[in-house]
Structure formats: C-alpha cells, structure tokens
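Colleague:
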Amino acid sequence: MSDTLLSVKNLVVEFPTRRGILTAVDNVSFDLERGEVLGLVGESGAGKSITGSAVIGLIEPPGRIAAGTVHLAGQRIDNLPSEKMRRIRGDKIGMVFQDPLSSLNPLYSVAEQLVETILTHKGISKKQARDRAIELLDEVGIPAADLRIDDYPHQFSGGMRQRVVIALALCADPELIIADEPTTALDVSVQSQIVSVLKKMCSEHGASVILITHDIGVIAEVADRVAVLYSGRMAEIGPVRDVIKHPQHPYTKGLMGSIPTITQEGDRLTQIPGSMPRLTDRPPGCAFAPRCEMAMSACHHSHPSEENVGTARVACHLITKMGAVA
Amino acid sequence: MPMNKETGKKMSLIVRILDSDIWYSFTRSKVTMIAALITFLIFASALFAPIISPHNPFDLASLSLMDSLLPPAWSAEGDPNYLLGTDDQGRDVLSTILYGSRISLTVGLVSVAFAAVLGITLGLIAGYMGGRVDAIIMRIADVQLSFPAILIALLIAGTVNALAGGMDRERSAFTVLVISIGLSFWVQYARTVRSSTLVERNKEYVQAARLIGLHPFLIMLRHVLPNVMGPVLVIATINLALAVITEATLSFLGVGIPGTQPSLGTMIRTGNDFLFSGEWWITLFPGAMLAILVLAVNLLGDWLRDALNPKLR
Amino acid sequence: MKDVLVNVENLTRIFDVSKPWLNRVIEREEKKTLRAVNDVSLEIRRGETFALVGESGSGKSTIAKMIVGLLGLSQGKIDFDGIDLSQPDGAEMRALRQRYQMIFQDPFASLNPRWRVNKIIAEPLRQFDMESSESDRNRRVEELLELVGMSAKDGVKFPHEFSGGQRQRIAIARALSSNPEFIVCDEPTSALDVSVQAQILNLMRDLQDELGLTYLFISHDLSVVRHMANRIGVLYLGRLVEVADGKELFRNPRHPYTKMLLNAIPDLDMTGRKVAPPDGEIPNPINPPSGCTFHPRCPIATEQCKREIPPIRNSDAGSVVCFEAVCA
Chain A
159 MSDTLLSVKN
169 LVVEFPTRRG
179 ILTAVDNVSF
189 DLERGEVLGL
199 VGESGAGKSI
209 TGSAVIGLIE
219 PPGRIAAGTV
229 HLAGQRIDNL
239 PSEKMRRIRG
249 DKIGMVFQDP
259 LSSLNPLYSV
269 AEQLVETILT
279 HKGISKKQAR
289 DRAIELLDEV
299 GIPAADLRID
309 DYPHQFSGGM
319 RQRVVIALAL
329 CADPELIIAD
339 EPTTALDVSV
349 QSQIVSVLKK
359 MCSEHGASVI
369 LITHDIGVIA
379 EVADRVAVLY
389 SGRMAEIGPV
399 RDVIKHPQHP
409 YTKGLMGSIP
419 TITQEGDRLT
429 QIPGSMPRLT
439 DRPPGCAFAP
449 RCEMAMSACH
459 HSHPSEENVG
469 TARVACHLIT
479 KMGAVA
Chain B
82 MPMNKETGKK
92 MSLIVRILDS
102 DIWYSFTRSK
112 VTMIAALITF
122 LIFASALFAP
132 IISPHNPFDL
142 ASLSLMDSLL
152 PPAWSAEGDP
162 NYLLGTDDQG
172 RDVLSTILYG
182 SRISLTVGLV
192 SVAFAAVLGI
202 TLGLIAGYMG
212 GRVDAIIMRI
222 ADVQLSFPAI
232 LIALLIAGTV
242 NALAGGMDRE
252 RSAFTVLVIS
262 IGLSFWVQYA
272 RTVRSSTLVE
282 RNKEYVQAAR
292 LIGLHPFLIM
302 LRHVLPNVMG
312 PVLVIATINL
322 ALAVITEATL
332 SFLGVGIPGT
342 QPSLGTMIRT
352 GNDFLFSGEW
362 WITLFPGAML
372 AILVLAVNLL
382 GDWLRDALNP
392 KLR
Chain C
2 MKDVLVNVEN
12 LTRIFDVSKP
22 WLNRVIEREE
32 KKTLRAVNDV
42 SLEIRRGETF
52 ALVGESGSGK
62 STIAKMIVGL
72 LGLSQGKIDF
82 DGIDLSQPDG
92 AEMRALRQRY
102 QMIFQDPFAS
112 LNPRWRVNKI
122 IAEPLRQFDM
132 ESSESDRNRR
142 VEELLELVGM
152 SAKDGVKFPH
162 EFSGGQRQRI
172 AIARALSSNP
182 EFIVCDEPTS
192 ALDVSVQAQI
202 LNLMRDLQDE
212 LGLTYLFISH
222 DLSVVRHMAN
232 RIGVLYLGRL
242 VEVADGKELF
252 RNPRHPYTKM
262 LLNAIPDLDM
272 TGRKVAPPDG
282 EIPNPINPPS
292 GCTFHPRCPI
302 ATEQCKREIP
312 PIRNSDAGSV
322 VCFEAVCA
C-alpha cells in the first residue's frame with residue numbers, strides 16, 4: 159500500500175461561464191499505486207476527461223484547479239509553472255488519446271517522431287535511439303517494425319496508428335500513462351487488440367495507467383481498480399472485480415444492470431430513469447438523488463461523504479446510514 | 082395574468098434574444114456596441130434626412146450661387162446657416178451628406194439583397210443537387226471570381242449606359258448600380274451556401290425528410306436554408322460595407338449616381354476638383370462619413386463572425 | 002409459416018471512388034470502385050427484429066439506406082410486402098413510404114436544430130396528409146410524445162434543450178408518427194451513454210410489442226444485438242457471412258468471423274477467461290482479398306479459401322458462407 163505514485167486529493171476544477179461558475183470536477187480524491195491500472199468511468203459530462211487533464215496540468219484556461227492537490231512521486235505538481243509542468247509531462251507522463259492522428263505529426267515519419275522523443279530523454283546515439291524505436295514498435299505488435307518505421311502516420315491503419323501512439327507514449331519510459339478513450343474510435347475486433355497491448359506494455363514497463371473510458375468492458379479487461387464518476391463527483395472507487403460484480407452505489411448498480419451482456423437472461427435491461435443533470439443545475443444534495451429509487455430525504459439535502467465499504471469507497475447516504483446502524 | 086398567445090410568443094422571442102449567447106457576446110464588447118450605435122445613428126439620420134437636415138439640397142429653387150463654396154461655419158468666412166459649408170452649387174454639405182448617405186445605403190442594401198438572393202439560391206441548388214448542375218454553377222462562379230468586382234461593375238454599368246444612351250440616366254443609374262454590384266458579389270454567397278449545404282445535406286435530419294418523400298425544393302427551403310443562414314448573415318454585413326464602397330468608387334469614376342442627386346461617392350468626386358483650390362470641406366466630410374460608416378459596419382460584421390463561430394467562444 | 006415483410010435479393014452497391022477525371026487522365030489511373038455491399042440476400046419476417054452486425058466497412062448502413070430508398074441499388078431487388086420497391090411511382094410510392102421509417106444514429110444531427118419539436122414530429126403527418134386539422138395533428142403529436150415517455154409540453158421546445166436520450170425519443174416519435182409497420186434502426190444507441198442506451202432499447206422493445214412493429218436493427222455491438230434480435234446476420238466487407246437465430250448464433254457460432262467477434266466481447270462477468278485477441282484488421286474494401294475476403298485473418302483458412310468465394314450453405318439453424326465451417 160505504501161508505494162503510491164500519484165495522489166489526488168480533493169480536486170476541484172472550475173470553469174467560469176456567463177451563468178456562473180461551473181464545477182466540472184467536485185472534490186475528487188484517489189491514489190494510484192506504481193504499476194497499477196486505474197479506470198475512470200462515467201457517462202459523457204461526468205468529468206472523467208477533465209480529471210485526467212487536471213492531473214497532468216492540461217486544463218484549458220479559463221478553466222482552473224480551484225482547490226485540492228496533485229502529488230506525483232511525492233512532488234506537488236498542481237501548482238507548478240507551465241514550463242516546469244511541461245518538462246514533467248515530457249519526462250514522466252505518457253499520453254494516449256482517442257484520435258491517434260492528434261498525437262502524431264503527419265509531416266514526419268514515425269521513425270523521426272520516435273527517435274526525436276527518445277533522444278530528448280535519453281543520452282544515447284541516434285543509431286541506438288532508432289534501434290530502441292524499432293524495438294518499441296515491435297513490442298506494441300507492429301509487424302515488420304524495421305521496415306514500417308520509416309512510414310508516415312497516414313500509411314498506417316487506425317489500429318496500427320494507435321499502437322504507434324502507445325509506442326510514442328512509452329519512449330521516455332514514463333511512470334504514468336494517461337489513456338483517454340484509447341479504443342473508442344476503433345472497430346470491435348481491433349479494440350480488444352489495443353486493450354491487450356496496453357495491458358501488456360504497462361505491466362512490462364512498470365508504468366501506472368489512468369484509463370479514461372465510458373466503456374466498462376474495456377475497464378473490466380484491463381483495470382485493477384475502477385473509479386466511477388457521476389456529475390463530476392466520485393460515486394464509488396474500488397477493485398474492478400468487486401465494483402463490477404458487487405457494486406455498492408445505486409448508480410453503479412444501475413449502470414452495471416443497464417449494460418447488455420451476452421450471458422444475461424431476461425428481456426428487459428435495468429434502466430436508470432432520467433439522465434445525468436447538467437453541471438450547471440446539479441441538485442443540492444447527492445447529484446444522483448433525483449434518479450435514485452432508494453433516495454431518502456437526506457439525499458436531497460446534503461452531499462454524502464465517502465465511506466469505506468469492504469474494499470471499496472462509496473459516497474452514498476445509504477451506506478453511511480447502514481454503517482452507523484451496524 | 083391573462084396573456085394572449087401572440088404576445089406570449091413575442092415575449093418568448095425577446096427573452097430568447099436577451100438570453101442568447103450572441104446577445105451576451107454583444108454586451109461584452111464595447112467596440113461592437115459603439116459600432117452598432119454609430120451604424121444605427123447613420124441609418125437613422127439617412128432615413129430621416131428630409132426631417133432633420135437643415136436644407137433640401139435637391140430643391141433647386143432654394144439654392145443660391147451666392148452661397149456657393151462657403152467654408153464650414155467655424156472658419157472666418159463661414160456662415161452659421163451652413164454648418165459644414167457649401168459646395169460649388171451652393172448646396173449645404175451637411176444636408177447633402179445626409180441625403181447622399183441615404184442614396185449610398187439604399188444602393189448598398191438593395192444590391193446586397195440582390196446578391197444574397199441570387200447567391201443563396203444558386204449555392205443551395207449547386208450544393209444540394211450536386212453533379213453536373215453543381216459543376217456548371219460553380220465554374221461560372223469561378224470565372225466570375227477571376228475578375229475584380231469593380232471591373233465587372235464597370236463593364237455592366239458601361240454596357241448598360243451605352244445601350245440605354247437615350248434613356249433618362251438619373252433613373253437608370255440606380256438600377257444599373259444595384260445590378261452591377263449585385264452581380265459581382267453573388268459568388269461569395271453561392272460558395273459559402275454551397276459548402277454549408279454540402280455539410281447539412283448529409284445530416285440525418287435531411288435524410289429523414291428525404292425518407293418521407295418530401296420534394297427536394299421543400300427540403301432546401303425548409304430544412305437546409307435555415308441552417309446555412311448564419312455565415313450568410315456575416316457575409317451580408319461585411320458586404321454592405323463593401324457595396325457602399327463599390328458604389329462610391331463607381332460614382333467617383335463617373336459611372337454611378339449622377340451629380341444632380343449625389344451619393345457619397347459622387348460628392349467625393351465633385352469635391353475632388355476643388356481640393357487643390359483650397360475647398361477641402363466639399364470632399365473631406367463625405368469622405369469621413371463614408372469611412373466611419375464602412376468601419377462601423379465592418380466592425381459589426383467581424384463581431385458577428387466571431388459570435389457565430391462556436392470555435393472562438 | 003414464414004410471413005416475409007421485406008425480401009432482399011442479391012443486393013449490391015458499388016461506389017465510384019475514383020479521383021476526378023482530369024487527375025485520372027494525368028496520373029494514368031484506372032477508375033476505382035468500392036463494392037460496399039456485395040450480393041446480399043436476406044428476408045425480414047413480420048413482427049421480428051432482424052439485426053445486421055458488422056464492423057466499419059461491412060456495408061451495414063449502406064444496406065439500411067438502400068432498403069429505405071435513401072441510396073439507389075447497383076444490382077438486386079428489394080420487395081416490401083410483395084411489392085418491388087423499384088416499380089411503383091407517384092401515389093403508390095407515397096402509400097408505401099408511409100409504411101416504413103428509420104431511426105438514425107446521431108440524435109444530435111437527426112433533428113433540425115431550427116424547428117420546434119412538435120413541428121419535427123408533425124412533419125410526416127403533414128407530408129402524408131394524415132390528420133385533417135391542425136388540432137388533430139397537435140393531439141397526435143402530444144400522444145406520440147407521451148408514447149415515447151416524454152411530456153406533451155416538451156413539444157414547444159427546441160432540440161438543443163434536450164439530452165441525447167431525450168432527442169432519440171423525439172426521433173422515435175417522429176418515426177412512429179406515420180404509423181409505419183417497419184422501422185430501420187441504424188445504430189440507434191451507439192451515440193448514447195449506457196444507462197440511457199438501456200432506456201432506449203427497452204422503449205423500442207415495448208413499442209414493438211405494443212404496435213406490432215418489425216425492426217431491422219443495425220449495430221456493431223453484439224451484446225446489444227443479442228438483447229434485441231430474433232435473427233442476426235453477420236456482415237464482413239459487404240458480404241453476409243452468417244445468418245442465424247439470435248440465441249443460436251451466440252451458443253453455436255459457425256463462421257470463423259462470428260467466432261472472432263464473440264471472442265472480442267469484453268468479459269463483464271469477470272470469469273477471468275483469457276482469450277487471444279483477434280488477428281489482423283479489416284482490409285481496405287477498395288482492394289479486398291481474393292476468394293473468401295476473410296481468409297487472411299481466418300485461423301482455419303485453406304488454399305481453396307484464397308481462390309474461391311465460398312457458397313451459401315443453408316441449414317435449419319440458418320446459413321453460413323464458408324468452406325470449412327461445420328454445418329450441424
């Protein structure tokens with residue numbers, strides 16, 4: 159438990175808008191162990207991508223981190239000047255985004271991009287850097303890597319491009335990788351390839367990963383722990399198996415029930431009524447209360463605090479109440 | 082509180098405007114508000130020129146050559162009756178400017194409307210129909226685009242004036258100007274509308290309308306047109322400034338509005354002859370008016386472009 | 002016993018993807034074509050949900066658009082309730098159009114942003130002259146809104162005031178307004194969040210039971226398809242490689258591509274099963290592999306698969322297009 163790489167405490171991210179301040183991330187805390195894969199799931203607008211951006215200092219102004227701290231390997235990084243943060247991102251953090259083309263420069267060959275990145279981070283010769291690049295491409299499963307390395311991004315297929323991006327993210331031997339919807343743009347059969355590459359690379363390189371996705375299937379395949387976000391707040395965080403098989407928060411329960419699976423019996427899916435509130439008119443109490451079948455009066459008035467339940471940490475008045483009774 | 086349906090609708094429209102992002106960005110930009118105020122003042126004074134101007138420059142009976150070429154009121158030989166002085170025929174420069182901007186703005190607005198209707202129609206048809214129709218319309222547009230607007234306007238104006246040689250030039254001048262400016266501006270609308278139409282045409286709401294067998298003409302009119310109007314509005318605003326300048330240029334070159342009912346351009350041209358003999362006010366004041374009008378309208382256009390572009394918000 | 006509503010025979014769609022004429026002449030290139038849909042035959046029975054699954058480039062959306070007449074056919078024939086859709090004109094076509102509808106993928110693009118919701122839903126009513134008076138039309142729109150789980154008051158709002166799920170409900174209301182028998186659903190939930198997806202899928206099933214609708218359901222998501230479909234057709238590069246009854250396809254997949262797709266479904270039951278991810282990626286449809294187009298990725302491909310296109314093999318459980326698959 160002691161080997162914490164990343165520690166996020168009470169993170170609040172705000173965006174000023176003409177209708178007042180919009181709290182996109184509200185008091186989110188989590189730790190990430192070395193070598194661990196943490197999944198961040200939530201529906202669109204739940205604040206998962208903004209959480210990811212906030213951790214690596216990429217919140218676009220006028221948005222800002224209004225409160226909370228982020229520590230990477232013991233060093234506080236949320237208040238660093240942008241130039242310093244840029245260097246930390248280059249040295250310690252790798253990034254994989256949904257659209258591989260946004261991470262690759264179309265004007266340079268894959269070799270040039272990989273070699274340059276390796277050279278800026280390692281004091282080795284150009285020849286060695288090229289060998290290292292080929293090795294990386296080979297590891298992420300690009301066939302005939304020594305030949306294809308001189309190709310340009312547009313000469314690769316979508317899945318192969320995403321592999322190149324993963325190789326690029328690994329160039330500097332980062333300690334942390336942020337993967338934001340890395341498989342969303344890909345076909346089903348290619349998705350599972352990328353998922354397995356991501357999984358393999360992280361365990362072999364010992365990097366910790368924050369995997370941001372709306373696809374619980376991907377989380378189930380790769381993540382060690384999962385954090386479920388709802389309306390910018392943490393609903394539940396815990397080991398992936400426990401959260402998926404035995405969810406505690408009513409939202410997580412509803413979410414798991416609403417996913418059609420290939421083994422499920424019965425005709426109707428569990429459905430959560432309504433939809434997630436807009437961040438501008440979040441209800442006063444628990445954000446999920448208006449959709450929750452088990453909501454009590456407390457749920458409409460006060461925001462629940464996070465409590466430990468078994469292996470998970472859950473923010474729900476029901477849990478708090480039961481804890482008090484027990 | 083009892084409220085009939087019609088007022089309810091109007092109220093909700095006002096609420097919607099005051100609540101919209103465009104209104105918000107308007108209230109946030111001082112430059113835009115000033116530009117809007119100036120534009121409004123110029124339009125209003127042009128509209129009410131017969132009421133507010135001190136003299137009627139077109140009333141030949143009231144003109145007196147004795148009063149010709151008087152400098153502005155504040156200089157030594159000035160006459161307080163003529164605030165900005167008089168021209169060679171003894172017309173009050175201020176009044177002539179007010180009447181002149183009336184003519185300039187009318188030519189500008191009508192020719193922009195003409196260009197917009199022509200361009201939007203052709204652009205919609207080209208974008209929606211595609212294929213050969215598209216190719217023909219857009220090649221014509223390309224050819225048109227390779228000639229400078231002023232050249233086209235000169236060509237048309239010259240041809241019409243030569244053909245209609247015997248006709249009353251004062252009456253034909255307005256039409257000729259509108260057609261020649263309109264014809265040289267339609268391409269921009271057509272291109273913009275065509276490219277937005279190409280995007281909208283493939284959207285699913287258009288497919289849903291095709292699915293029920295709605296006539297292509299109705300799809301263009303009801304579905305595509307309202308959704309491609311945003312950029313058109315921006316172009317129209319900026320084009321208004323351009324059209325006013327083109328009108329001034331043509332009038333300056335002598336193919337526009339004749340001197341008897343001068344537009345701003347005509348005034349600048351007449352005044353130009355007197356510039357070297359020291360009567361600067363005849364050309365400077367209309368010139369300044371033109372510059373202020375064009376600047377204000379252009380600023381409005383720039384703001385509108387930014388306000389309607391979601392990427393810049 | 003089989004009551005076929007839509008019968009599709011040898012459907013083919015070829016797109017011209019060549020460069021413009023001038024470029025072709027200068028660069029001495031041939032015309033390029035893309036067979037998006039290649040010789041597909043299928044039948045959709047009255048009251049069932051027939052699903053087409055496939056990945057990008059499989060031609061599933063192209064088939065959907067051809068069936069509802071948004072795209073022309075290159076070859077083949079579509080019968081709707083015994084009427085060849087290429088034949089009728091004028092009034093007869095108008096009557097036919099009233100009987101089928103479509104629900105689109107992107108609820109943010111499928112509703113005209115400048116129209117109020119009640120105008121959007123009333124458009125088919127107007128087009129088909131279905132309600133004589135303005136007040137009848139309004140009443141029908143209100144009914145439809147309530148039918149899809151919205152409030153009648155929502156009609157005066159604009160689409161941007163609604164969430165994705167609510168917009169999809171509005172799109173469903175529009176599709177239902179002309180009382181169609183057959184609805185083509187082109188990835189109706191792939192743009193939605195899972196909890197909302199469940200609402201929409203449940204709603205679609207309820208409406209099917211209530212109104213006796215027939216669905217053609219297009220999706221890339223096998224789990225969703227399993228939940229919705231009575232029969233399933235699997236497409237790969239424009240060809241229908243397997244058709245089977247819903248549950249049977251999952252219990253006993255026969256085509257190697259179907260097996261690959263099933264293997265790629267994430268393990269949400271946390272059984273800890275380890276499966277090797279599928280090999281390769283979908284080839285470029287402009288230049289597809291010879292013979293069976295799946296052979297470069299197929300674990301059981303033989304020399305014959307590289308040369309010849311496999312025939313359709315029918316059995317009680319469905320049909321499969323493969324030389325090697327075991328047809329039990």
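So the protein lines, in turn, are chains A, B and C.
In case it helps, my numbering puts the first sequence at residues 159 to 484.
In case it helps, my numbering puts the second sequence at residues 82 to 394.
In case it helps, my numbering puts the third sequence at residues 2 to 329.
C-beta: ideal position from N, C-alpha, C; glycine also.
Is the beta carbon of residue 420 of chain A closer than 8 Å to that of residue 196 of chain C?
Modeller: Going by C-beta atoms, residue 196 of chain C is not nearer than 8 Å to residue 420 of chain A.
Colleague: Going straight from the alpha carbon of residue 387 of chain A to that of residue 374 of chain A, what length do you get?
Modeller: Their Cα atoms are separated by approximately 12 Å.
Colleague: Is residue 280 of chain A helix, strand or coil by DSSP?
Modeller: It is coil, neither helix nor strand.
Colleague: Can you find the residues in the same chain that come closer than 6 Å, C-beta to C-beta, to residue 393 of chain B, ignoring five residues on each side of it along the sequence?
Modeller: Bear in mind that the predicted position of residue 393 of chain B carries a pLDDT of just 47, short of 50, making it unreliable; the figure below should be weighed with that in mind. So the qualifying residues of the chain are 387.
Colleague: In chain C, which residues lie less than 7 Å from residue 286 of chain B when you measure between Cβ atoms?
Modeller: The contacting residues are 110, 111, 112, 113.
Colleague: Can you find a CB in chain C that lies within less than 8 Å of the CB of residue 348 of chain A?
Modeller: For residue 348 of chain A, the answer is yes, since a Cβ of chain C falls inside 8 Å of its Cβ.
Colleague: Run through chain C and tell me which residues come within less than 9 Å of residue 290 of chain B, C-beta to C-beta.
Modeller: Going along chain C in sequence order, the residues near residue 290 of chain B (Cβ under 9 Å) are 113, 124, 128.
Colleague: Using DSSP's beta-bridge definition, name the partner residues of residue 219 of chain C.
Modeller: Per DSSP, C/53, C/187.
Colleague: Just to confirm my understanding: we take residue 155 of chain C, look at its own chain, exclude 5 residues before and 5 after, and list those with CB closer than 7 Å. What are they?
Modeller: Correct list, in chain order: 118, 146.
Colleague: So with Cβ pairs under 8 Å, would you call residue 136 of chain B a contact of chain C?
Modeller: Cβ-Cβ to chain C under 8 Å: no for residue 136 of chain B.
Colleague: At the 8 Å Cβ level, is residue 175 of chain C part of the contact set with chain B, yes or no?
Modeller: Cβ-Cβ to chain B under 8 Å: yes for residue 175 of chain C.
Colleague: Is the distance from the Cβ of residue 10 of chain C to the Cβ of residue 66 of chain C below 8 Å?
Modeller: In this structure, residue 66 of chain C does not lie closer than 8 Å to residue 10 of chain C by Cβ.
Colleague: Contact between the segment 71-86 of chain C and the segment 253-271 of chain C: three or more CB pairs below 8 Å?
Modeller: Contact fails: fewer than three Cβ-Cβ distances are below 8 Å.
Colleague: Report the neighbours of residue 283 of chain C on chain A: residues whose CB is nearer than 7 Å to its CB, in chain order.
Modeller: Chain A residues near residue 283 of chain C: 345.
Colleague: Over the uninterrupted beta strand (DSSP E) stretch that includes residue 195 of chain A, give me the two end residues.
Modeller: 195-199 is the extent of the beta strand (DSSP E) around residue 195 of chain A.
Colleague: Distance, Cα to Cα, residue 71 of chain C vs residue 308 of chain A?
Modeller: Those two C-alpha atoms are separated by around 43 Å.
Colleague: Compile a chain-ordered list of the residues in the segment 40-74 of chain C whose CB is closer than 9 Å to at least one CB of chain B.
Modeller: Listed by position, the residues of the segment 40-74 of chain C near chain B (Cβ gap below 9 Å) are 66, 69, 70, 71.
Colleague: So residue 354 of chain A contacts chain C; which residues on that side make the cut at Cβ distance below 9 Å?
Modeller: Those within 9 Å of residue 354 of chain A in chain C are 277, 278.
Colleague: In three-state DSSP terms, what is residue 147 of chain B?
Modeller: Residue 147 of chain B: helix per DSSP, three-state reduction.
Colleague: Who are the near neighbours of residue 383 of chain B in its chain, counting only those whose CB is closer than 7 Å to its CB and skipping five residues on each side?
Modeller: The answer is none, since no qualifying residue turns up.
Colleague: Of all the options B/283, B/286, B/374, which has the alpha carbon lying nearest to the alpha carbon of residue 181 of chain B?
Modeller: Among B/283, B/286, B/374, the Cα nearest to that of residue 181 of chain B is on B/374.
Colleague: From residue 265 of chain A to residue 369 of chain A, what distance separates their C-alpha atoms?
Modeller: Residue 265 of chain A and residue 369 of chain A: Cα-Cα distance of roughly 29 Å.
Colleague: Are the C-beta of residue 295 of chain B and some C-beta of chain C separated by less than 8 Å?
Modeller: Residue 295 of chain B counts as touching chain C.
Colleague: Please classify residue 364 of chain B as buried or exposed, where buried requires at least 16 neighbouring CB atoms within 10 angstroms.
Modeller: By the neighbour-count rule (16 or more Cβ atoms within 10 Å), residue 364 of chain B is buried.
Colleague: Could you give the C-beta distance for residue 37 of chain C and residue 106 of chain C, rounded to a whole number, given that I count them as a contact under 8 Å?
Modeller: Residue 37 of chain C to residue 106 of chain C, Cβ: 17 Å. No contact.
Colleague: Taking CB distances under 8 Å as the criterion, tell me whether residue 312 of chain B reaches chain C.
Modeller: False, the Cβ-Cβ gap to chain C never drops below 8 Å.
Colleague: Is the separation between the beta-carbon of residue 203 of chain A and that of residue 413 of chain A shorter than 8 Å?
Modeller: Cβ distance not < 8 Å, so residue 203 of chain A and residue 413 of chain A don't count as in contact.
Colleague: Against chain C, does residue 383 of chain A count as a neighbour if the rule is that its beta carbon must be under 8 Å from one of theirs?
Modeller: With 8 Å as the cut-off, residue 383 of chain A does not count as an interface residue toward chain C.
Colleague: Assuming residue 215 of chain C contacts residue 49 of chain C (C-beta within less than 8 Å), just tell me the rounded distance between them.
Modeller: So it is a contact: roughly 6 Å between Cβ atoms.
Colleague: Do you know offhand how far residue 161 of chain A's Cα is from residue 222 of chain C's?
Modeller: If you take the alpha carbons of residue 161 of chain A and residue 222 of chain C, they lie about 39 Å apart.
Colleague: For residue 319 of chain C, report the span of its beta strand (DSSP E) as first-last.
Modeller: Looking at the DSSP string, the run of the beta strand (DSSP E) that includes residue 319 of chain C is 319-322.
Colleague: Run through chain C and tell me which residues come within less than 7 Å of residue 426 of chain A, C-beta to C-beta.
Modeller: Near residue 426 of chain A (Cβ distances below 7 Å), the residues of chain C are 203.
Colleague: To the nearest angstrom, how far is the alpha carbon of residue 275 of chain B from that of residue 307 of chain B?
Modeller: One C-alpha to the other measures close to 13 Å.
Colleague: So what does DSSP say about residue 338 of chain B, is it helix, strand or coil?
Modeller: Residue 338 of chain B: coil per DSSP, three-state reduction.
Colleague: Quick one: complete beta strand (DSSP E) runs, 3+ long, within the segment 49-107 of chain C?
Modeller: Qualifying beta strand (DSSP E) stretches, in chain order: 50-54, 76-81, 101-104.
Colleague: Which chain C residues are close to residue 362 of chain A, counting only those with a beta carbon under 8 Å from its beta carbon?
Modeller: Here the premise fails: no neighbours, minimum Cβ distance about 16 Å.
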